[in-house]
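Scroll down for the structure; my scribbles are underneath it.
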Amino acid sequence: MVDEEAELRNSFPSPPSHYVNYTPHNLNLLEILKERVEDVNSINQHEVLSDQANVPSWPLVQLEKPRVDWILEDGHYNVFGDMWFVKETIPSLADLGGHQLYPPDPSEDRRPALLSILRSLLVTYSNLTGAILSPPPPPLSQVPPEWHRHIEWITVLAQNLMAAANDLRPVQARGNLERMMQQQLELRREETKTIHAHCDELEARLRDLRAA
1 MVDEEAELRN SFPSPPSHYV NYTPHNLNLL EILKERVEDV NSINQHEVLS DQANVPSWPL
61 VQLEKPRVDW ILEDGHYNVF GDMWFVKETI PSLADLGGHQ LYPPDPSEDR RPALLSILRS
121 LLVTYSNLTG AILSPPPPPL SQVPPEWHRH IEWITVLAQN LMAAANDLRP VQARGNLERM
181 MQQQLELRRE ETKTIHAHCD ELEARLRDLR AA
């Protein structure tokens, strides 16, 4: 089991061990089985294929192709032990179980909400410094100290700021790509201009040589 998990984490994993089961004989047995019964999952394949030779002990239904409709319905599939989503989306803070304080719609202006979060973070931090200087509660007190509540609220506010920043990653990536393409375009123009200057210089020298 440990070797299988290590193989799945390999950068270039080997094919699954059951690939050897996909022989022409086994695939032919699967076709015969599907012709004789409708539901191949609820039958004894050895009884149905009693007239066939070399019926494997493992279920022939394992040779079926993946159901694309099931993959689309689930929204994900597994390859080499890793889960891949059909449509890549960035989960929101609410999807991850957090307390989201800014609008979930990315088309809506989030700046007012983020500004309020930042102000609340500064006020809570100021209150935290005051709570730390307050005397601690009695040893047998069931009431948590005041600073504990401020720490929890600061954690929620910080999670919202980090989640909002992560939502801007695609925008940042597009901006970086546009800037890189613009830099490459300017570099190509400068190189082309340099080549044209060298060509003009060579043509001038050739004219001087012809005139000499």
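In terms of full-length UniProt numbering, the sequence shown is residues 1 to 212. Glycine residues also receive a C-beta, built at the ideal position from the N, C-alpha and C atoms. Since the structure is predicted, the reported quantities are computational estimates derived from the model, not experimental observations.
### residue 31: CB within 7 Å of a non-hydrogen atom of the ligand ATP
Here there are no bound small molecules, and the ligand ATP is not part of this structure.
### Query
Roughly how many whole angstroms lie between the Cα atoms of residue 141 and residue 98?
In a straight line, the C-alpha of residue 141 is about 30 Å away from that of residue 98.
### Query
Under the three-state reduction of DSSP, which class applies to residue 58: helix, strand or coil?
Taken through DSSP and simplified to helix, strand or coil, residue 58 comes out as coil.
### Task
Rounded to whole angstroms, what's the CA-CA distance from residue 42 to residue 49? Just pull it up for me.
Cα to Cα, the separation comes out at about 14 Å.
### Query
Is residue 172 buried or exposed, if buried means 16 or more other CB atoms sit within 10 Å of its CB?
Result: exposed.
#### Entry: First and last residue of the uninterrupted alpha helix (DSSP H) at residue 171
Under the DSSP assignment, residue 171 falls in the alpha helix (DSSP H) whose first and last residues are 169–211.
#### Entry: Any beta strand (DSSP E) of 3 or more consecutive residues that is wholly inside the stretch 7–42
Fully enclosed beta strand (DSSP E) runs of 3 or longer: not present.
### Task
Can you give me the Cβ contacts of residue 26 inside the same chain, cut-off strictly under 8 Å, excluding the 5 residues immediately before and after it?
For residue 26, the CB contacts under 8 Å within the same chain, skipping 5 residues up- and downstream, are 56, 60, 63 in chain order.
### Query
Apart from the five residues on each side of it in sequence, which residues of its chain come closer than 7 Å, Cβ to Cβ, to residue 30?
The answer, listed in chain order, is 60, 63.
### Query
Are there 16 or more other CB atoms within 10 angstroms of the CB of residue 110, so buried, or fewer, so exposed?
Result: buried.
### Query
Three-state secondary structure (DSSP) at residue 105?
If DSSP states are grouped into helix, strand and coil, residue 105 belongs with coil.
### Query
What residues are listed by DSSP as bridge partners for residue 79?
In the DSSP assignment, the residues bridged to residue 79 are 82.
### Query
What residue from 209, 103, 122 has the CA that sits closest to residue 155's CA?
Nearest Cα to residue 155 within the set 209, 103, 122: 122.
### Query
Is it true that the CB of residue 124 sits closer than 8 Å to the CB of residue 96?
No.
### Query
Does the beta-carbon of residue 19 have 16 or more other beta-carbons within 10 angstroms, so that it is buried, or is it exposed?
A residue is called buried once 16 or more other Cβ atoms fall within 10 Å of its Cβ, and residue 19, having fewer, is exposed.
### Query
How far does the alpha helix (DSSP H) with residue 45 in it reach, from first residue to last?
That run of the alpha helix (DSSP H) goes 45–48.
### Query
Once you ignore the five residues that flank residue 100 on each side, which residues in its own chain have a CB closer than 6 Å to its CB?
Only 93, 94 meet the Cβ criterion.
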